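I have placed the structure first, in the form of C-alpha cells, so that the comments after it can refer back to it.
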Amino acid sequence: MLSKVYAPGPVEAKWAEAWQKDRLFISEPSPDRKPFVVVIPPPNITGALHIGHALNNTLQDVLVRYARMRGREACWVPGTDHGGIATQNVLEKMLKAEGKTRHDLGREEFLKRTWAWYGECGGTILGQLRKLGCALDLGQENVRFTMDKPRAAGVFEAFRSLWEKSLIYRSERMINWCTRCGTALSDIEVEYEDEKSKLWHIRYPYEDGAGSVTVATSRPETLLGDTAVAVNPEDGRYKGLAGKKLKLPLTGRLIPLVADEGVEKDFGTGAVKVTPAHDPLDFEIGQRHKLEVLRVISYEGRMVNCPAEYEGLSVQAARKAVVEALDAAGLLEKEEHYKHSVSKCSRCLSHIEPLVSEQWFVKMKGLAAPAIEAAEKEKVRFYPSSWKKPFTAWLGNIQDWCISRQIWWGHRIPVWYCRSCSADGLKFDDKGALSRVSFADGARPIVSQDKPSSCGACGGHDLLQDPDVLDTWFSSALWPFSVFGWPEKTKELDYYYPTSVLVTCYDILYLWVARMVMSGLEHMGRPPFEQVYVHGMVRDKHGRKMSKSIGNVIDPLVMMEKYGTDAMRFSLMAQTMGGRDVPFSEEGIIGGRNFVNKLYNAARFIQLYLPEKPGPLKTEPPRELADRWILERYAEALRKSEASMAEYDLPKAQDALYAFVWDEFCDWYLELAKPRLQGPGKEKVLALMLELFSGALKALHPFMPYITEELYASLKPYLERPGDYLLKQRRPEISGTGTGATAEMEELMGMITQLRVARAQFEIPPGKTIKALAASADAAALERLRAGAAYVKLLAKVEELEIGRDLPKPPRAISALSGAFTLYVPMEGAVDLEKEKARLAKELEKARKDGEQALSRLNDPAFTAHAPKAEVEKIKARSEEMSGKISRLTAILEELK
RNA sequence: GCGCGGUUAGCUCAGCGGUAGAGCGCCUCUCUUACACAGAGGAUGCCACAGGUUCAAAUCCUGUACCGCGCACCA
C-alpha cells in the first residue's frame with residue numbers, strides 16, 4: 001500500500017527527467033498542423049528566478065500543454081536575455097566584493113568574466129524552468145540567448161536596416177543620465193518618486209542696477225549653468241523687459257531675460273531660470289532662443305565649469321553651498337516647503353541627472369503608427385482588453401528612443417569611425433581607448449558588424465568602433481523572429497512566425513511588448529503575435545510588493561521543495577485574476593498541496609479495488625443514476641473548463657476541474673460507489689471510475705503536470721486505451737450531457753443533507769445508523785425516491801427507510817422537510833422539544849418570508865407584465881413550494897404543542 | 001491634472017440584471033479500511049456611500065469618498 005500522503009519530490013524528478021529524455025517537448029515545422037507558438041520572455045541572467053517568473057512561466061506552460069493536447073503543433077521557445085545594465089551591475093557588485101572595478105579588469109577581461117557568468121547563471125535558470133515543469137525543449141542547441149551568434153546577426157541587420165532608412169541617428173540631446181550606472185537611459189527606464197523638498201526664491205539683479213527678477217527653483221545648484229531667465233510674453237509684470245541683461249548671482253555672468261511661451265505665469269514667481277544643459281524644458285527654451293548650453297554637472301554627478309569653490313562638489317553639496325552663498329549675499333528671498341517628483345534609475349534607484357549628451361536614437365513616430373493601428377484593429381489583441389488603451393496611448397506619445405548605453409556588456413554598436421577622416425570628434429581615455437565620439441555635421445561613419453578593411457572615404461585603415469553598446473531592449477525587441485533565425489529565411493521562421501500569444505507581466509508592456517510589435521511590423525511586415533496575455537505582479541497576501549526589507553519574499557524554489565511544484569502552480573493559478581496583481585502567500589500553497597493530495601488519494605482508493613492482474617477494464621454504458629449523474633457532471637466540468645480556456649480565464653478553467661474532482665467525484669461518486677465495489681458489478685463501476693478519473697487527469701495535466709502524469713501512469717495498465725505520456729494524448733471528448741440525471745440526483749442529495757443536518761443537530765453519533773420515514777403526496781417523487789433509496793440509506797446512515805404517501809409521524813421523532821418530502825427520524829430517547837420547535841420555527845419563518853416575497857412579486861402587475869415568462873413561472877413555483885412548506889411546518893409545530 | 005482598476009464573510013477574492021458564493025480561517029462532532037493535507041455539520045455579509053434607470057440592481061448609469069496603479073506636470 002502506498003503512503004497516505006503524496007511525496008512530490010522524487011516523482012517530479014523522475015518525470016522531469018523522463019520528459020526531457022524522451023524529447024517530449026520538441027517541435028518541428030509540420031505544415032499539416034496548425035502551430036501554436038509562444039516565445040518565452042527571456043529571463044535576464046541576473047540570478048535565480050523569482051516568484052513572478054514562476055507565475056509567468058506556469059501560465060505559458062498551461063497554454064502550451066493545453067494546445068498540444070488539442071492537436072496543435074505547440075512550440076515554446078526557450079531562451080535567456082543578456083540583460084545589459086542589470087547584468088553588468090551584478091558583475092560589478094561581485095567585483096566590488098573583490099575590491100575591484102570593471103576598469104581594473106579592462107573591457108576584454110570584464111566581458112570574458114561576464115560570458116563565464118552567463119554559462120553559470122543561464123544554466124541555473126534553465127534548470128529552474130525545467131523543475132517548474134515547463135514544456136520547453138531545453139536541448140542545448142535549442143536554447144536561445146540574446147547575445148548568441150544568430151541573435152547578434154539579427155541585431156546587426158535591424159540596426160543596418162534602420163540606419164539605411166535614416167531611422168537611426170546620432171545627436172546631442174537631453175537624456176537621462178544615471179550617475180551610478182554611468183550611462184544614458186531611455187525615458188521609460190526612469191521612475192518618478194515624490195520627494196519633499198524646497199522651492200528657493202532667488203533674486204537675479206538687473207545689470208543696470210534697476211532692481212531684480214526673482215525666480216523660483218527646486219534646483220539652486222544648477223544656477224551655475226544658467227544662461228537666461230525666461231518669463232511669459234503675456235505677463236504684465238515683465239512687459240517690455242525682455243532683452244535686458246541680468247547679473248547671474250555668485251558668478252557675475254551676464255545672462256538675458258527672454259520671453260517664452262513655455263513659462264507659466266502662475267507658477268512660482270512667473271520667472272524661471274534657464275539651464276539648457278540640465279533640464280528638458282530649459283533645453284527647449286534654449287533652442288528657441290539660441291542660448292548657450294553650459295554643462296555644470298559631469299557624468300559622474302559632480303560640479304564642473306563653475307567657480308572654484310563649487311568645482312568637484314556633488315550635486316547635493318553644491319546645493320547647500322549655493323543656497324548658503326546666496327543667503328549670505330542677500331539674494332535669497334525665501335524658502336518654501338515643496339513636494340515634487342524626482343527621477344530615479346529604475347534599476348539602481350539612484351537619482352537621474354537630465355543632461356545634454358550626444359547619443360544614438362531611433363526615430364519612433366513612424367514606427368509607432370502601424371503598431372497603434374495593429375492594436376486598434378485588433379491584429380494584436382489584449383487579454384484583458386483593458387490594456388489596449390494604455391498601450392495605444394503610450395505609443396501615441398512616444399519620443400525618440402535613446403539606444404546607446406555607456407556600458408560594456410551588450411551588443412556593441414556596429415559603427416566604425418575613421419581616425420583620419422573624423423579625428424576631431426574622437427576622444428580617448430588615458431589608456432588610449434576611444435571613450436567618446438562626437439562627429440561633425442555630415443560625417444558618415446561606417447556601419448558594419450565586423451571591422452571594415454578600410455575607410456570608404458579616405459582609404460585609411462585606422463578604424464575604431466563606437467565604444468557604446470545597444471540598449472538591451474533593442475535585441476529583445478527582435479526576439480519573436482530572431483529566435484527563428486531572422487534575418488536568415490529559415491523554415492522555422494516561415495512556419496512559426498507570427499507567434500500565437502505572448503504572456504507577460506504588465507510591467508514590461510511598453511519597455512518590451514510595444515517595441516516587439518513595432519519591430520515585428522517594421523522588419524517582418526506583420527505583428528509578432530496575435531494575442532497578448534497580460535498578467536499581474538505577484539505580491540504578498542496584503543498586496544504589498546515582495547521585498548527583502550519587508551521580509552515577505554517567497555522563493556519559488558523553496559516552495560516547490562516544500563510543497564511540490566504542482567501545488568505551487570495550482571495555487572499561483574488559483575490566485576491569478578484577470579490582469580491584476582496576484583496576492584500570494586505560503587498558506588495559499590497549502591490549498592494546492594491539499595488538492596494534489598486529494599487526487600493522489602482518489603487514485604489510491606481506486607487502486608485498492610483494481611484486480612491484481614493488470615488488464616484493461618471494459619467500459620459499458622452507465623447503468624444507474626449515480627453513473628449517469630457523474631457523467632453529466634464530468635461533461636459539464638470539461639465544457640466549462642474549455643470555455644474558460646478560450647477566454648484565457650485560466651484560473652476558472654482550473655477551478656471547474658477542481659470542483660468536479662473534489663466536490664462531485666470524490667465527495668459523492670466515490671462514496672456511492674463503495675458498496676458497489678464489493679458486489680458483482682464491481683468491474684463495470686471501476687471501469688467507469690477509471691475512465692472519468694483518467695479523463696480528469698488529462699484535463700488537469702496542463703495545470704499540474706507531475707501528479708497527473710504519475711497517477712495516470714499508475715492506472716494505465718487498467719485502461720482500455722492507455723496511450724503514452726499525457727502530453728501526447730488528446731483531451732477527453734465531451735459527451736453525456738442533458739440526461740436530466742443532475743436534477744434527479746440533486747433531489748436525493750438534498751434529502752441526504754437534510755438527514756445529516758438532523759443528525760448533527762440532535763447529536764446522533766456519526767457511526768450510528770438511524771431509521772427514517774419519508775412521506776410525500778407526490779407520486780412521481782415517491783417513485784424516484786424508491787429508486788434512489790439505497791443512496792439515502794448509504795450516505796445518511798439509514799438502516800430502515802420507509803417511503804409512503806401518508807406516513808404518520810412516529811412519537812418521539814424529529815421532523816424535516818426536503819423538497820416534496822416530509823422526513824421523520826424516530827429517536828431512541830426523548831426529543832428535546834424546545835430545540836426541535838426552535839429549529840422548525842426558524843425554518844417556518846424563512847419559508848414565510850420567502851413566500852411573502854414571492855407572492856408580493858406575483859401580485860405586482862408590473863412584474864407579471866414585464867418580466868420574462870420563465871421568471872414568472874419560477875417565482876410562481878417558489879411561491880407554491882413555500883406555501884406547501886408553510887402548511888407542513890405549521891402542522892408539525894401544531895402537533896408538537 | 002488625465003486615465004485605468006478596486007471597494008462583496010475575519011483574510012484573499014469569484015459573481016456583473018432575477019432570493020449572496022469559493023478557498024483559507026473560525027466553531028461543533030468524527031482518526032468510519034482513499035485522504036485528519038480528511039469527512040459531516042455550523043456561524044458570519046445595510047455587496048463603500050448617494051442618487052438614477054428598470055417590473056427587478058451587488059450587478060447598468062451618474063456623482064461622492066477612500067485605496068492602488070499608470071501617464072503627464074513639477075520653475
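According to our numbering, the first sequence is numbered sequentially starting from 1. Even glycine gets a Cβ: it sits at the ideal position worked out from N, Cα and C. Here the structure is a predicted model, which means the values were calculated and not measured.
Supposed close pair residue i, residue j - CB separation, criterion 8 Å
i: residue 57; j: residue 535; result: Residue 57 to residue 535, Cβ: 11 Å. No contact.
i: residue 131; j: residue 565; result: 7 Å
i: residue 363; j: residue 510; result: Not a contact, Cβ separation roughly 17 Å.
i: residue 45; j: residue 81; result: 7 Å
i: residue 235; j: residue 265; result: 5 Å
i: residue 530; j: residue 480; result: The pair is not a contact, with the Cβ atoms about 11 Å apart (cut-off 8 Å).
i: residue 726; j: residue 698; result: 6 Å
i: residue 249; j: residue 319; result: Contact doesn't hold; Cβ gap of about 14 Å is too wide.
i: residue 419; j: residue 464; result: 6 Å
i: residue 404; j: residue 158; result: The pair is not a contact, with the Cβ atoms about 15 Å apart (cut-off 8 Å).
Rounded separation between residue i and residue j - CA only
i: residue 232; j: residue 215; result: 13 Å
i: residue 771; j: residue 753; result: 15 Å
i: residue 399; j: residue 476; result: 19 Å
i: residue 62; j: residue 703; result: 6 Å
i: residue 288; j: residue 258; result: 10 Å
i: residue 332; j: residue 450; result: 57 Å
i: residue 469; j: residue 88; result: 12 Å
i: residue 181; j: residue 349; result: 10 Å
i: residue 489; j: residue 135; result: 26 Å
i: residue 336; j: residue 583; result: 41 Å
i: residue 816; j: residue 388; result: 56 Å
i: residue 507; j: residue 567; result: 26 Å
i: residue 166; j: residue 409; result: 26 Å
i: residue 691; j: residue 709; result: 15 Å
i: residue 66; j: residue 632; result: 22 Å
i: residue 542; j: residue 549; result: 16 Å
Counted within 10 angstroms of its Cβ, other Cβ atoms place residue i as buried (16 or more) or exposed
i: residue 196; result: exposed
i: residue 178; result: buried
i: residue 21; result: exposed
i: residue 623; result: exposed
i: residue 821; result: buried
i: residue 121; result: buried
i: residue 693; result: buried
i: residue 786; result: exposed
i: residue 397; result: exposed
i: residue 254; result: exposed
i: residue 353; result: buried
Nearest residue (CA-CA) to residue i, options the options
i: residue 674; options: 609, 242, 655, 304; result: 609
i: residue 52; options: 498, 382, 572; result: 572
i: residue 807; options: 793, 249, 776; result: 776
i: residue 790; options: 749, 813, 766; result: 749
i: residue 91; options: 74, 106, 110; result: 110
i: residue 762; options: 219, 376, 834, 854; result: 834
i: residue 898; options: 850, 393, 729; result: The shown model of the chain, from 1 to 897, leaves out residue 898, and the question about it has no answer.
i: residue 828; options: 759, 845, 857, 593; result: 759
i: residue 778; options: 612, 416, 805, 756; result: 805
i: residue 716; options: 607, 679, 733; result: 607
i: residue 547; options: 6, 10, 50, 30; result: 50
The ligand SAM heavy atom lying under 6 Å from the CB of residue i
i: residue 263; result: Looking for the ligand SAM in the displayed structure turns up nothing, as the structure carries no ligands at all.
Inset, instruction - List in chain order: all unbroken alpha helix (DSSP H) runs of 4+ residues lying wholly within the stretch 845-892. - result: For the stretch 845-892, the continuous alpha helix (DSSP H) assignments of 4+ residues that do not extend past its boundaries occur at 861-866, in sequence order.
Inset, instruction - Output the residue ranges of the alpha helix (DSSP H) runs that lie fully inside the stretch 365-389 and measure 4 residues or longer, sorted by chain position. - result: Counting only runs of 4 or more, we get 365-376.
Legend entry - Continuous alpha helix (DSSP H) assignments of at least 4 residues falling wholly in the stretch 246-297: Counting only runs of 4 or more, we get 280-288.
Legend entry - Entirely enclosed beta strand (DSSP E) segments - the stretch 784-811, minimum 3 residues: For the stretch 784-811, whole beta strand (DSSP E) runs of length 3 or above, ordered along the chain, are 798-804.
Inset, instruction - Quick one: which unbroken alpha helix (DSSP H) runs of 4-plus residues sit fully inside the stretch 509-550? Chain order, please. - result: The qualifying runs are 515-519.
Inset, instruction - Would you list, in sequence order, the uninterrupted alpha helix (DSSP H) runs of no fewer than 4 residues that lie entirely inside the stretch 122-198? - result: The DSSP assignment places 149-164 as complete runs of the alpha helix (DSSP H) inside the stretch 122-198, in order along the chain (cut-off: 4 residues).
Inset, instruction - At 3 residues or longer, and completely inside the stretch 446-514: list those beta strand (DSSP E) runs for me, N to C. - result: Those beta strand (DSSP E) runs which fall completely within the stretch 446-514 and span 3+ residues are 463-465, 499-505.
Inset, instruction - Pick out the complete alpha helix (DSSP H) segments inside the stretch 294-328, 4 residues or longer, and give them in chain order. - result: Whole alpha helix (DSSP H) segments, 4+ residues: 315-328.
Legend entry - Length at least 3, wholly inside the stretch 68-117: the beta strand (DSSP E) runs in chain order: Correct list: 73-77.
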